[in-house]
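Working notes, beginning with the structure itself.
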Amino acid sequence: MEAAEIRAVLVTGAGGGVGRATTQALAEHGFRVYAAVHESGTEFLEHPDVRVLRMDVTDPASVAGAMAQVLADGCAALHGIVNNAAIIVQGPLELVTPQDLHHQFDVNVFGAVAVTQAFLPLLRAGRGRLVNITAATARLAGPFFGPISASKAALQSLSDAQRLELAHWGLPVVVIEPGFLDTAIFAKSAQATAKASAALTPAERALYEVQLRTVDAALAKSKPASPAIVADAVLKALTARRPKPRYTVGPDTRMLGLLARLPLRTRDRLIAGVMGLNKIPAAR
Ligand SMILES: NC(=O)c1ccc[n+]([C@@H]2O[C@H](COP(=O)([O-])OP(=O)(O)OC[C@H]3O[C@@H](n4cnc5c(N)ncnc54)[C@H](OP(=O)(O)O)[C@@H]3O)[C@@H](O)[C@H]2O)c1
Numbered sequence: 015m016e017a018a019e020i021r022a023v024l025v026t027g028a029g030g031g032v033g034r035a036t037t038q039a040l041a042e043h044g045f046r047v048y049a050a051v052h053e054s055g056t057e058f059l060e061h062p063d064v065r066v067l068r069m070d071v072t073d074p075a076s077v078a079g080a081m082a083q084v085l086a087d088g089c090a091a092l093h094g095i096v097n098n099a100a101i102i103v104q105g106p107l108e109l110v111t112p113q114d115l116h117h118q119f120d121v122n123v124f125g126a127v128a129v130t131q132a133f134l135p136l137l138r139a140g141r142g143r144l145v146n147i148t149a150a151t152a153r154l155a156g157p158f159f160g161p162i163s164a165s166k167a168a169l170q171s172l173s174d175a176q177r178l179e180l181a182h183w184g185l186p187v188v189v190i191e192p193g194f195l196d197t198a199i200f201a202k203s204a205q206a207t208a209k210a211s212a213a214l215t216p217a218e219r220a221l222y223e224v225q226l227r228t229v230d231a232a233l234a235k236s237k238p239a240s241p242a243i244v245a246d247a248v249l250k251a252l253t254a255r256r257p258k259p260r261y262t263v264g265p266d267t268r269m270l271g272l273l274a275r276l277p278l279r280t281r282d283r284l285i286a287g288v289m290g291l292n293k294i295p296a297a298r
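Following this note's numbering, the numbering of the sequence shown begins with 15 at its first residue and continues without gaps.
Take a look at the structure:
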């Protein structure tokens, strides 16, 4: 195949669990991958069709710099943009700082929009596809996961709008909704949460202590799936003749989807039961 015929895809957050698996799968299937890494994951898989870029999606100069690198590499058209970079901000909404909440949206929502805006001319030139990675929690916000769930719901909503806008050019917009995955995102989030918690007063910390411990214990029983299943879905989204607008990925997403459709009181009761929150005596 001539170099000019190789289809190129930009993947953000390529140094993470899903990003690496996706980069690898795409490179193995003959794509050139512009693997945009943030801080970690720069020691990247050796493959002649993987070009590693640095990109902080919250920094317009960094996004523009990555774009300049792609152009300088001779790439004038993209077959795909995969908005995968994300963080998790968690904790009781009463105690999450405005800075942390803003940062959640800066990375997961405004960052994805900024990357899409910057690279859309190349995607249009390549008659390519926009793939946004959201989460099953976009449709089902769980207790103490308000910031991450809200950010993914926002990205989902923006994707729905943009799907209709880009249909004029025949550019598909695909949302991939994974369930619980085995990646480092939770460890990174736990570190950030511990730091945020250290800044609270003892009285503030005590407010949700039992609930947080109970939810942690319930979540520790869930089995995460391999990030490779998301890479497979991205591959499908980029290669199917008519990609679906939404792919739900993972063994737990069916149950989460069913829960999301229940009447709110029933749903709250079930979630509180699964998390063990219904066993905690109510505060007086
Ligand atoms: N893991 C799950 O259970 C799960 C479930 C549903 C959806 N997802 C979604 O799957 C996608 C991939 O997550 P993952 O599980 O693979 O987590 P991950 O391993 O932490 O990967 C996330 C990547 O995003 C990067 N990132 C963070 N802030 C960034 C910034 N400002 N600019 C550019 N990149 C930034 C991280 O880089 P640094 O580490 O260097 O900061 C990391 O490489 C995310 O969209 C996530 O929300 C994950």
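Glycine is no exception: its CB is placed at the ideal position from the N, C-alpha and C atoms.
Endpoints, alpha helix (DSSP H) assigned at residue i
i, result
"residue 221", "216-221"
"residue 207", "199-212"
"residue 244", "242-253"
"residue 267", "267-274"
For residue i, the three-state DSSP class (helix, strand or coil)
i, result
"residue 26", "strand"
"residue 98", "coil"
"residue 294", "coil"
"residue 50", "strand"
"residue 16", "Its pLDDT being 43, under 50, residue 16 is placed unreliably in this model, and the value from its coordinates should be taken loosely. Reduced to three states, the DSSP call for residue 16 is coil."
"residue 281", "helix"
"residue 153", "coil"
"residue 144", "strand"
Member of the options whose CA lies at the smallest distance from the CA of residue i
i, options, result
"residue 122", "235, 103, 271", "103"
"residue 191", "251, 88, 208", "251"
"residue 163", "224, 202, 100, 141", "100"
"residue 257", "271, 185, 80", "185"
"residue 283", "87, 200, 156", "156"
Distance CB(residue i)-CB(residue j) smaller than 8 Å
i, j, result
"residue 130", "residue 115", "no"
"residue 96", "residue 26", "yes"
"residue 36", "residue 245", "yes"
"residue 136", "residue 23", "no"
"residue 228", "residue 289", "yes"
"residue 176", "residue 189", "no"
Bounding residues of the beta strand (DSSP E) (the contiguous stretch that carries residue i)
i, result
"residue 192", "187-192"
"residue 77", "Where residue 77 is concerned, there is no enclosing beta strand (DSSP E), although the alpha helix (DSSP H) it sits in stretches over 74-86."
"residue 67", "64-68"
Residue i beta carbon near ligand 3 (any heavy atom closer than 7 Å)
i, result
"residue 95", "Of the ligands one can find in the structure shown, namely ligand 1, none is ligand 3."
Bridge partner(s) assigned by DSSP for residue i
i, result
"residue 262", "191"
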